[in-house]
Amino acid sequence: MGVVAGLLLGAGLVLVMWALTTEPGSARGSGRWQQTLADLLVQAGAPQVTPTALLGTAAAAAGVVWLTAAALTRAPAIATCFALIAGYAPLALVRARARRRRAALRALWPDVVDHLASAIRAGLSLPEALAQLGERGPEELRAPFAAFAEDYRVTGRFTECLDALKARLADPVADRIVESLRLTREVGGTDLGRQLRTLATFLRADERTRGELEARQSWTVNGARLAVAAPWVVLALLATRPEATTAYNTPTGVVVLVGGALSSVVAYRVMLRIGRLPEDVRVLR
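For what it's worth, our numbering labels the leading residue of the sequence shown as 1078, then goes sequentially.
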């Protein structure tokens, strides 16, 4: 009975977490979740990791934690709870790293745009303007632009090299810059420099405003995370006592765990939804 209840608990929590972390409409394409995870890994600075490897790591972590917790506590329901937390931990880590890296790059994109505008104003061609960012651009962004320069030297195909650059950067701002350059290359135009300077001004204003808002809401977000984590820390401490594990092996104990897990997930997601700042999405893939 305890094993069945633990499996049912695990299946229910997995379905809830899947529904809350999946974007609307993602079921319309079988590869949509892979594309989203791939972009997330690139933004986190780990492009060499595949979505399959990330999910495999999450599954392995969940399995190890479940076996360990089940052996220590003799309570499958408790083991399932901590296994789900361990399984979600790799994805949460990647998201946190991607969020921090996006925040760091957000302050660098205006400089990139200024470099491009200056290079174009100086008479450099579009490929040369992008290639020089691999040597003179911000340190954190030199590698993708250096790879673009190498691709262009090898193939000479500007459009294909731009597509590869977009995939390496996986950033909405980079998408807008690349598409502006592509459009100028294909149809011509004399106002690219003005467009880039306007974009740089907008990016700096957005980064300033977002920084102020994030600073004000950081204590609220951290408090919510602490409030969600505290009951599970207490549960881990209680799991060291045989009488507590015996209580959680009963149907009533399983109901308490399911209710607590659902409350934690729903409350945390609602808090994130209320306090979430607008994020750019990649509409120009």
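The C-beta atom is built at its ideal place from N, Cα and C for all residues, glycine as well.
key: Proximity below 8 Å, CB of residue 1138 to CB of residue 1166   = One-based indexing of the sequence shown puts residue 1138 at position 61. One-based indexing of the sequence shown puts residue 1166 at position 89. Taking 8 Å as the Cβ cut-off, residue 1138 and residue 1166 qualify as a contacting pair.
query = What three-state label does DSSP hand residue 1200 in the structure shown?
reply = By 1-based counting over the sequence shown, the position of residue 1200 is 123. Looking at residue 1200 - three-state DSSP - the assignment turns out to be coil, as it is neither helix nor strand.
key: Where the alpha helix (DSSP H) containing residue 1167 begins and where it ends   = Position 90 of the sequence shown, counting from 1, holds the residue named residue 1167. Its alpha helix (DSSP H) spans residues 1153-1183.
query = What's the C-alpha gap between residue 1241 and residue 1252?
reply = Position 164 of the sequence shown, counted from the first residue, corresponds to residue 1241. Position 175 of the sequence shown, counted from the first residue, corresponds to residue 1252. Roughly 11 Å between the two C-alpha positions.
key: Cβ-based neighbour list, residue 1119, same chain, cut-off 8 Å, excluding 5 preceding and 5 following   = By 1-based counting over the sequence shown, the position of residue 1119 is 42. So the qualifying residues of the chain are 1244, 1245, 1246, 1247.
ask   = With 16 other CB atoms within 10 Å as the buried threshold, where does residue 1268 fall?
value = Residue 1268 sits at position 191 when you count from the first residue of the sequence shown. Residue 1268 is exposed by the Cβ-count criterion.
query = Using DSSP with H/G/I as helix, E/B as strand and the rest coil, what is residue 1215?
reply = Taking the first residue of the sequence shown as 1, we reach residue 1215 at position 138. In the structure shown, residue 1215 falls within a coil segment according to DSSP collapsed to helix, strand and coil.
message = Counting beta carbon pairs with one atom in the region 1345-1354 and one in the region 1294-1303, are three or more of them shorter than 8 Å?
response = Yes, they touch.
task = Work out the CA separation of residue 1126 and residue 1283 for me, nearest whole Å.
result = As a first step, residue 1283 is located in the sequence shown; it is residue number 206 there, counting from the start. As a first step, residue 1126 is located in the sequence shown; it is residue number 49 there, counting from the start. One C-alpha to the other measures close to 31 Å.
ask   = Does DSSP put residue 1333 in a helix, in a strand, or in coil?
value = Along the sequence shown, one-based indexing puts residue 1333 at 256. Note: residue 1333 maps to helix in three-state DSSP.
inquiry  = Between the alpha carbons of residue 1298 and residue 1147, how many angstroms are there, rounded?
reply    = The residue labelled residue 1298 in the question sits at position 221 within the sequence shown. The residue labelled residue 1147 in the question sits at position 70 within the sequence shown. Roughly 32 Å between the two C-alpha positions.
query = Which residues in the same chain as residue 1325 place their Cβ atom closer than 6 Å to its Cβ, once the five residues preceding and following it in sequence are excluded?
reply = The sequence position of residue 1325 within the sequence shown is 248, counting from 1. Excluding its 5 nearest sequence neighbours in each direction, residue 1325 has C-beta neighbours in its own chain below 6 Å: 1152, 1154, 1155, listed in chain order.
request  = Decide if residue 1332 is buried, meaning its Cβ has at least 16 other Cβ atoms within 10 Å, or exposed.
outcome  = For the purposes of this step, residue 1332 is taken as the residue at position 255 of the sequence shown. Residue 1332 is exposed by the Cβ-count criterion.
key: residue 1231 classed as buried or exposed, judged by whether at least 16 other C-beta atoms fall within 10 angstroms   = If you number the sequence shown from 1, residue 1231 lands on position 154. When all chains shown are included, residue 1231 counts as exposed.
inquiry  = Within a Cβ cutoff of 7 Å, which residues of the same chain sit near residue 1214, ignoring the five residues on either side of it in sequence?
reply    = Within the sequence shown, numbered from 1, the residue matching residue 1214 stands at position 137. Once the five neighbours on either side are set aside, the close Cβ partners of residue 1214 are 1189, 1192, 1222.
task = Following the continuous alpha helix (DSSP H) through residue 1286, name the residue where it begins and the one where it ends.
result = Sequence index remark: in the sequence shown, residue 1286 carries index 209 (1-based). It spans 1269-1315 - the alpha helix (DSSP H) in which residue 1286 sits, taken as one unbroken run.
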